[in-house]
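With the first letter of the sequence shown counted as 1, position 41 gets the number 298 in the numbering used here; the numbers rise by one all the way through.
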Amino acid sequence: MDHDHDHGTSTDDSDAKSCPMIMVFHAGHCERILWRGWVASTVWEFVLSAIAIFLVAFLYEALKFLRQQMARREARKLSERLAEEQRRKNENPTAGGCCSETPLSEIREQTYWQRLFASSHIFQSLLNLLQIVISYLLMLIFMTFNYWLCLAVVLGLGLGYFFFGWNKKTPDESECCP
Numbered sequence: 258m259d260h261d262h263d264h265g266t267s268t269d270d271s272d273a274k275s276c277p278m279i280m281v282f283h284a285g286h287c288e289r290i291l292w293r294g295w296v297a298s299t300v301w302e303f304v305l306s307a308i309a310i311f312l313v314a315f316l317y318e319a320l321k322f323l324r325q326q327m328a329r330r331e332a333r334k335l336s337e338r339l340a341e342e343q344r345r346k347n348e349n350p351t352a353g354g355c356c357s358e359t360p361l362s363e364i365r366e367q368t369y370w371q372r373l374f375a376s377s378h379i380f381q382s383l384l385n386l387l388q389i390v391i392s393y394l395l396m397l398i399f400m401t402f403n404y405w406l407c408l409a410v411v412l413g414l415g416l417g418y419f420f421f422g423w424n425k426k427t428p429d430e431s432e433c434c435p
């Protein structure tokens, strides 16, 4: 049996779930989304896919918010530790900060490698990696050129920003970069 060149599919039922790749904006409901196994060939599958894409875009904004909050919390903790150490040093100048759990010199003089391999930095790096992967997947979904899927991405990001983006320190914080 000779099959069309459908990028390596070889099962007879692949024709039933085959959707053309349209490289202009369109509004059809038959769509291949991201990988070969995610094909929305019925209206119901398409609607569920659009809802899933909306939720991923919304959660992308939540992830950005989480990373910002974690970075602020780490900076606040460091600032509080430095202020506490300085206060103790000012109260008892002869003690030289010896009564503290973490001496001021240790806080200020952490090596590059200690900061690099700190658990908070590793966790932030993993969240950043996840954020980058999701952002590229959302871009690829947008590149299906399907009006409805593009709308799901835009509305998910917009509603996510509405719920999470209001909490910026300054209005000019970059939106394009993690």
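Ideal Cβ positions, reconstructed from N, Cα and C, are used throughout, including at glycine. This structure is a prediction, so every number in the text was calculated from the model and none was measured.
Inter-residue spacing [alpha-carbon to alpha-carbon] between residue i and residue j
i	j	result
residue 285	residue 276	10 Å
residue 394	residue 292	11 Å
residue 373	residue 397	32 Å
residue 314	residue 341	41 Å
residue 381	residue 420	21 Å
residue 369	residue 302	50 Å
residue 376	residue 424	25 Å
residue 354	residue 379	Per-residue confidence for residue 354 stands at a pLDDT of 49, beneath the threshold of 50, marking its modelled position as unreliable; the derived number appears in the next sentence. So the alpha carbons of these two residues sit roughly 30 Å apart.
residue 319	residue 326	10 Å
residue 404	residue 418	21 Å
residue 367	residue 416	40 Å
residue 346	residue 328	27 Å
residue 299	residue 287	6 Å
Beta-carbon contacts of residue i that lie in its chain and below 7 Å, excluding the five residues immediately before and after
i	result
residue 311	409, 412, 413
residue 278	289
residue 282	402, 404
Nonlocal neighbours in the same chain, by C-beta distance under 6 Å from residue i, ignoring five residues either side
i	result
residue 391	317
residue 264	Unreliable positioning characterises residue 264 in this predicted model, as indicated by a pLDDT of 44, which lies under 50. The coordinate reading is nonetheless provided below. The answer is none, since no qualifying residue turns up.
Closer than 8 Å to chain D by CB, residue i
i	result
residue 346	Looking at the structure shown, chain D is missing, and only one protein chain is on hand.
Beta-bridge partners of residue i, as assigned by DSSP
i	result
residue 296	289
residue 283	403
Cutoff 8 Å; reference residue i; Cβ partners in own chain excluding five residues on either side
i	result
residue 399	406, 407, 410
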